[in-house]
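For reference, the structure discussed in these notes is given below.
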Amino acid sequence: NRLKMSFEDREKLAKNPVAKRLFEIMRNKQTTLCVAADILSATDLLNFAEAVGPHICALKTHIDIVEDFNPNLIQPLQQIADRHNFVLFEDRKFADIGKTVEYQYSKGLYSISSWAPLVTVHSLMGPGVLDAIKSSDGAKARGVFLLAEASSAGNLISENYTKDTIKMAEQYPELITGIVCQSPLFTNNPGFIQLCPGVQLENKQDNLGQKYNSPLTVVLEKGADVAVVGRGISQAPEPAVAAEKYKKILWNAYLERIKT
Ligand code: BMP
Numbered sequence: 214n215r216l217k218m219s220f221e222d223r224e225k226l227a228k229n230p231v232a233k234r235l236f237e238i239m240r241n242k243q244t245t246l247c248v249a250a251d252i253l254s255a256t257d258l259l260n261f262a263e264a265v266g267p268h269i270c271a272l273k274t275h276i277d278i279v280e281d282f283n284p285n286l287i288q289p290l291q292q293i294a295d296r297h298n299f300v301l302f303e304d305r306k307f308a309d310i311g312k313t314v315e316y317q318y319s320k321g322l323y324s325i326s327s328w329a330p331l332v333t334v335h336s337l338m339g340p341g342v343l344d345a346i347k348s349s350d351g352a353k354a355r356g357v358f359l360l361a362e363a364s365s366a367g368n369l370i371s372e373n374y375t376k377d378t379i380k381m382a383e384q385y386p387e388l389i390t391g392i393v394c395q396s397p398l399f400t401n402n403p404g405f406i407q408l409c410p411g412v413q414l415e416n417k418q419d420n421l422g423q424k425y426n427s428p429l430t431v432v433l434e435k436g437a438d439v440a441v442v443g444r445g446i447s448q449a450p451e452p453a454v455a456a457e458k459y460k461k462i463l464w465n466a467y468l469e470r471i472k473t
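Per UniProt numbering, residue 214 is the first one in the sequence shown, and the count goes up by one each step.
Pasting the structure below:
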């Protein structure tokens, strides 16, 4: 049972290099916190990454919302990630035919495959998307979080879609880092990491359909390994302080979960 296993043991079972790296970072930094850096200015994004860096295992970006994006943003962002030892994670949610995804992943203004070891993918369009990510240009060590469930109210994902998404992930153990979901899904592969967005202490929802659970709930009841916190940290008066607080709650919940 994945939920009772330590990250150390699961790291040995992971076949994807980014999953192995994430497990290692989580153990060493004692953090399962991934911050969603949904920030509109390049300078603010860098300052935010620097502030929360010590407390996170991954920084999740939507790089296409940065209003003054310039490719020169990437190098300092990578330096911050290296210095604080976290993974850059572009939440692109690829959902097109394989050939188009190949271009979206490795070409264009953002050249995602050159700087983001981790990306998200929708299973909707079929496994051609995964083949495209696997064979595209870019850095060698790469991983995919496949989206099996969503946190938003009224989303159209069915139980079968979720099950079939897990099956698809299991066909690609070397490429898949883990699954984005909201419940303790059954997968035969404890090397997969479960990523759970929609985590906040203050609010239960926003005004556009986002639904939140508390950090304790997602780790102890929903099976989250890594929790994604966005506005709970980015809109806090002091993001570094908030990040440290979430980190501690999440880590203690993980210790509690694996305790026999
Ligand atoms: P916030 O905590 O501010 O609501 O941010 C959540 C982040 O997680 C957003 O970047 C969003 O794109 C992402 N996300 C989500 O909220 N629900 C999902 O099901 C999948 C996501 O990637």
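Using N, Cα and C, we set each Cβ at its ideal position, and we do this for glycine too. This one's a predicted model, so the numbers in the text were calculated from it and none came from an experiment.
Exercise. When you compare each of D344, I287, A449, K435 to V393 by their alpha carbons, which one comes out closest?
Worked result: Locating residue 393 in the sequence shown gives position 180, where the first residue counts as 1. The option with the nearest alpha carbon to V393 is K435.
Exercise. CA-CA distance, L421 and S364?
Worked result: In the sequence shown, the residue the question calls residue 421 occupies position 208. In the sequence shown, the residue the question calls residue 364 occupies position 151. Taking the straight line from one Cα to the other gives about 11 Å.
For this session: Pull up the DSSP beta-bridge partners for A271, would you.
Result: Along the sequence shown, read from residue 1 onward, the residue named residue 271 stands at position 58. Beta-bridge pairing by DSSP links A271 to C247, V300.
Exercise. Is it true that the CB of Q413 sits closer than 7 Å to the CB of D438?
Worked result: Residue numbering aside, residue 438 sits at position 225 when the sequence shown is read from its first letter. Residue numbering aside, residue 413 sits at position 200 when the sequence shown is read from its first letter. No. Outside cutoff.
For this session: Could you work out which residue in F405, C247, L258, V334 is closest to V300 when comparing CA atoms only?
Result: By 1-based counting over the sequence shown, the position of residue 300 is 87. Nearest C-alpha to V300: C247.
Exercise. Does the Cβ of V454 have 16 or more other Cβ atoms within 10 Å, making it buried, or fewer, making it exposed?
Worked result: As a working mapping, residue 454 is identified with position 241 in the sequence shown. Burial call: exposed.
Exercise. Run through DSSP, which three-state label would Q448 get?
Worked result: Locating residue 448 in the sequence shown gives position 235, where the first residue counts as 1. If DSSP states are grouped into helix, strand and coil, Q448 belongs with coil.
Exercise. Short check: CB of L331 to CB of V231, under 7 Å?
Worked result: Position 118 of the sequence shown, counted from the start, is the residue given in the question as residue 331. Position 18 of the sequence shown, counted from the start, is the residue given in the question as residue 231. With contacts defined by Cβ atoms closer than 7 Å, L331 and V231 form a contacting pair.
Exercise. Does the ligand BMP have even one heavy atom less than 6 Å from the beta-carbon of G367?
Worked result: For the purposes of this step, residue 367 is taken as the residue at position 154 of the sequence shown. Between the ligand BMP and the CB of G367, the shortest heavy atom gap is not smaller than 6 Å.
Problem set entry | Local conformation of G436 per DSSP, three classes | Your numbering for residue 436 matches position 223 in the sequence shown. DSSP places G436 outside both helix and strand once states are collapsed to three, so it counts as coil.
Exercise. Do K306 and H268 have their C-beta atoms within less than 7 Å of each other?
Worked result: Counting from one through the sequence shown, the residue named residue 306 turns up at place 93. Counting from one through the sequence shown, the residue named residue 268 turns up at place 55. Contact flag unset, no.
Exercise. Taking just the CA atoms, how far does S427 sit from A382?
Worked result: The sequence position of residue 382 within the sequence shown is 169, counting from 1. The sequence position of residue 427 within the sequence shown is 214, counting from 1. Cα to Cα, A382 sits roughly 27 Å from S427.
Exercise. Which one of L463, G411, N465 has the shortest CA to CA distance from G445?
Worked result: Here residue 445 corresponds to residue number 232 of the sequence shown, with the count starting at 1. In this structure, G411 is the residue among L463, G411, N465 with its C-alpha nearest to the C-alpha of G445.
Exercise. For L216, which residues of its own chain have a beta-carbon under 7 Å away from its beta-carbon, when the five flanking residues on both sides are left out?
Worked result: Translated into positions along the sequence shown, residue 216 becomes position 3. The residues P397, G436, R470, in chain order, have a CB closer than 7 Å to that of L216 in the same chain once the five nearest residues on each side in sequence are set aside.
Exercise. Among E315, R355, A329, which has the Cα closest to the Cα of V342?
Worked result: On the sequence shown, residue 342 is found 129 positions in, with the first residue counted as 1. The shortest Cα separation from V342 among E315, R355, A329 belongs to E315.
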